[in-house]
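Q: According to the working numbering, the sequence shown holds residues 173 to 251 in order.
Dropping a structure here in structure tokens format, bear with me for questions.
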Amino acid sequence: MATLSDGDEGKDVVTAGGEKVGIVKEVDRGTAYVDPNAGLTDELKSVLGWGDRDEDTYPVKADAVAETTDDELHLDRGR
């Protein structure tokens, strides 16, 4: 599990399979709020736990993040 902070804002969010799914817009109390890519499929939204919601940003909790780098948040397997 990664620790998320304001320093993660602006980073790309990448699945365990290497697919970019969005950008971190805000981090609040250990949860990153992600602006999804426009072409993100409903199937991938479902895998990420974002379902059919139509939001501006979607939450990603720290326990769903396997690793953070200088430019990216890498989601845990299965996410």
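Backbone N, C-alpha and C define an ideal beta-carbon position, used for all residues, glycine too.
Bear in mind that the values here come from a model prediction, so they are computed numbers and not experimental data.
1. What's the call for Lys192, buried or exposed, on a 16-neighbour Cβ count within 10 Å?
2. Does DSSP classify Lys217 as helix, strand or coil?
3. To which residues of the same chain is Asp243 closer than 8 Å at the C-beta, ignoring the five residues directly before and after it?
4. Report yes if the C-beta distance between His246 and Ala238 is below 7 Å; otherwise report no.
5. In the DSSP assignment, find the beta strand (DSSP E) that holds Val248 and state where it starts and stops.
6. Can you tell which of Glu181, Asp178, Ala188 and Asp180 has the C-alpha that lies nearest to the C-alpha of Arg249?
A: Considering the structure as presented:
1. Exposed, because fewer than 16 other Cβ atoms sit within 10 Å of the Cβ of Lys192.
2. Lys217 falls in the helix class under three-state DSSP.
3. Cβ neighbours of Asp243 beyond the five flanking positions: Lys183 and Asp184.
4. Going by C-beta atoms, His246 is nearer than 7 Å to Ala238.
5. Per the sequence shown, residue 248 should be read as Asp rather than Val. It is not in any beta strand (DSSP E) - Asp248 carries neither H nor E in the DSSP assignment.
6. The shortest Cα separation from Arg249 among Glu181, Asp178, Ala188 and Asp180 belongs to Ala188.
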